[in-house]
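Residue numbers (the UniProt record's numbering): 1 to 252.
Just so you know, even glycine gets a beta-carbon here, dropped at the ideal spot from N, CA and C.
Report on one structure; see the data block that follows.
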Ligand code: SAH
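Now the structure itself:
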């Protein structure tokens, strides 16, 4: 059996209890070494075999899974954050299906949630934005034509941009082609939840310059939108005048 596990954004105590138990029981752990906190590998039992997938191809990862399976043992495939975002899990799962190897997936705290926590922010503020766009700038990995950053930016919604800090000038340019202005608040969160976490608050107009000035070149998220501003309306859910299935509004 292969268990895909979300490691969380970095802090070792932000893995789920289920994920930690699977790590403790694994005979083999293949971890995304570029981003997974090595402290999590301390949960491995004695004799567990460790592989850093940052140095491996998909074929090599699959070979390890097949060999472990053939020996009747358990593999944990440890991905950063939640495996469902930029985790390259589908290609592994399809190959496991073809090989008749069973697997399951344990979610993790994605770094976009870790970044919101670091900022003490709510992405979905009433009257400001009720939508979170998770995307990336196109680089060596292409992005479908209809999902180009400038086009997504036309909504003015909350945006979380992964894998793009190295292209920050292009990101800033694309955002300004959309609904954001140079005064729209933005932030860069480097290594959310790690001890070396860094938060840079800025605006869309100062995004590239602020990122450079702080020397941030990798492992960072760019978050953009008026949710980082001061104006919003309070929620209906907790409004005394609002009736819900659980509470009668004061005006009724
Ligand atoms: N599955 C992961 C994302 C993997 S893609 C998740 O759910 O978070 C890798 C990108 O995620 C990095 O380039 C960076 O943009 C972002 N990232 C991962 N961990 C991060 C962290 N702790 N802080 C900020 N960004 C992070």
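- Look at residue 113 here: in three-state DSSP terms it is helix.
- DSSP, read as helix, strand or coil, puts residue 82 in coil.
- Taking C-beta atoms under 8 Å as the contact rule, residue 147 and residue 135 qualify, at a distance of about 6 Å.
- Residue 212: not part of any beta strand (DSSP E); member of the alpha helix (DSSP H) spanning 207-213, first to last residue.
- Counting along the chain, residue 6 sits inside the beta strand (DSSP E) bounded by residues 2-6.
- For residue 22, no beta strand (DSSP E) segment is defined; the enclosing uninterrupted segment is the alpha helix (DSSP H) at 17-25.
- Rounded to the nearest whole angstrom, the C-alpha separation of residue 219 and residue 245 is 43 Å.
- Burial check for residue 58: the Cβ neighbour count within 10 Å stays below 16, so the residue is exposed.
- Apart from the 5 residues on each side of it in sequence, residue 162 sits with its Cβ closer than 8 Å to the Cβ of 85, 86, 111, 112, 134, 135, 136 and 221 in its chain, given in chain order.
- Proximity to residue 171 across 199, 155, 121 and 139 peaks at 139, based on C-alpha coordinates.
- At a Cβ-Cβ threshold of 8 Å, residue 7 and residue 36 count as neighbours.
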